[in-house]
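This report refers to the structure that appears directly beneath it.
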Amino acid sequence: MSDPQYFKRVLISPVASVKMLAHAHQGCEEGMRSGGKPLEIMGMLLGCPHAEMKDALVVADVFPLPVTGFETRVVADDESVVNYMIELSELVEKSRKERLFGWYHSHPFDVDESHNHCFLSSTDMSTQLAWQSAEDGNGNPFLAIVIDPLRSFAKNKAELGAFRAYPPTYAPPPHQTPDGTVVHDEAKCVELWGSCWNRYYELRIEYFMSTQAKIIIDVLNHSFLWARTLGTVPPSLEPENRRRLSERVATKVTDKLLTSTDQTPGPRGPFFSPSNIVPPNAPPKPAATTTTTQDQGGVLHKAATAAAGLALEELHGQLIQATKRFLLNPN
1 MSDPQYFKRV LISPVASVKM LAHAHQGCEE GMRSGGKPLE IMGMLLGCPH
51 AEMKDALVVA DVFPLPVTGF ETRVVADDES VVNYMIELSE LVEKSRKERL
101 FGWYHSHPFD VDESHNHCFL SSTDMSTQLA WQSAEDGNGN PFLAIVIDPL
151 RSFAKNKAEL GAFRAYPPTY APPPHQTPDG TVVHDEAKCV ELWGSCWNRY
201 YELRIEYFMS TQAKIIIDVL NHSFLWARTL GTVPPSLEPE NRRRLSERVA
251 TKVTDKLLTS TDQTPGPRGP FFSPSNIVPP NAPPKPAATT TTTQDQGGVL
301 HKAATAAAGL ALEELHGQLI QATKRFLLNP N
């Protein structure tokens, strides 16, 4: 495998896909139910290289891990988690033909942006490089899958990304992003792919199932979504979230202002320098350049979009409840 992009495809089973999305959704609900942000989750991938298609990896199943965290900070370094992973590996070795050959985790970030959040942060890259260094040499090519659960449920389709890291000594073509496109705007690369955008590449995701299995999965998905919509209250309308709506708006807007800047690239994009936020009674500063004004305008636009996203979420929840009242209680 001298080619750093030797593996180009990932074949995922329906079982693995559904289990990953269900686990990611559970993390979102757990975090929001406690009045905070959606939680990131993590698990292990079970599979192997494809026997005939040499450039493909097969994900047959997944196993959730008892790990939760926040943006770009999911790390399985707790002793109990490590012991759990060791026991899981031993059980898999005894009972399954496949091996643990990868990991997955979620990025439950803002759904109102124009792109998904399937990327590897600097923390993710460190984890992936460590796994690849330990496993690739033993004929077990290690894979990373990132799930965007909020966008998946908003778009009603799975938003997943599959990645492998480049060897530390490899220099990729200039300006080439993980999906193979060439982008000369580095700020755009950081926004879409994180600060390590040129240190890993994306594999194409495909799903394998029979025609009959696909029909059954489609029916189950529609039935589940139909029953879930009628039988549950939207998270935005739960009492705790209703009481904390103004706090959620303030937190999201502040986060946008503090995580966007035209100077220092961060894990998702430029950070906004707090010194650029002028207090109401502060003395006037020298006139800013056109570039700075435009950059700050973009930052404010992102903050306004975040607030509008929460407002739309609230409105959507109210419309769902009104529709249910009309259908189930016409009198």
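Residues in the sequence shown are numbered from 1 upward in steps of one, following full-length UniProt numbering.
Quick reminder that beta carbons are idealized off the backbone N, C-alpha and C, glycines included.
Inset, instruction - May I have a chain-ordered list of the alpha helix (DSSP H) segments no shorter than 4 residues that lie completely inside the UniProt domain "MPN" (10-169)? - result: Runs found: 14-33, 79-95, 122-135, 149-155.
key: Nearest-angstrom Cα separation, counted from Ala56 out to Asp3   = 14 Å
| query | In chain order, what residues of the same chain have a beta carbon less than 6 Å from the beta carbon of Pro108, not counting five sequence neighbours either side? | reply | Cys28, Pro38, Pro149, Leu150
Q.
Rounding to the nearest angstrom, what Cα-Cα distance links Pro173 and His105 in this structure?
A. Pro173 and His105: Cα-Cα distance of roughly 28 Å.
Q.
Quick check on Gln176: does DSSP put it in helix, strand or coil?
A. DSSP places Gln176 in strand when its eight states are reduced to three.
*CB-CB length for Leu160 against Phe101, believed under 8 Å*: Not quite, the Cβ-Cβ distance comes to about 16 Å (not below 8 Å), so this is no contact.
- request: Using three-state DSSP, classify Arg325 as helix, strand or coil.
  value: helix
Simplified DSSP state of Val183, which is helix, strand or coil
It is coil, neither helix nor strand.
> Hey, how far is the Cα of Tyr6 from the Cα of Ser195?
Replying inline: 23 Å
ask   = Can you pull the DSSP bridge partners for Arg204?
value = Arg9
Reduced DSSP category for Asp3 - H, G, I as helix; E, B as strand; rest coil: coil
When Gly180, Glu191, His117 are compared against Glu40, the one with the closest alpha-carbon: His117
Taking buried to mean at least 16 other C-beta atoms within 10 Å of its own C-beta, is Glu191 buried or exposed?
The residue is buried, with at least 16 neighbouring Cβ atoms inside 10 Å.
*So, helix, strand or coil for Gly194, using DSSP?*
Looking at Gly194 - three-state DSSP - the assignment turns out to be coil, as it is neither helix nor strand.
Worksheet entry | Burial state of Glu313, where buried means 16 or more other Cβ atoms lie within 10 Å | buried
The segment 78-92 / the segment 124-131 touching (three or more Cβ pairs under 8 Å): Of all C-beta pairs linking the segment 78-92 to the segment 124-131, fewer than three are shorter than 8 Å, placing the two stretches out of contact.
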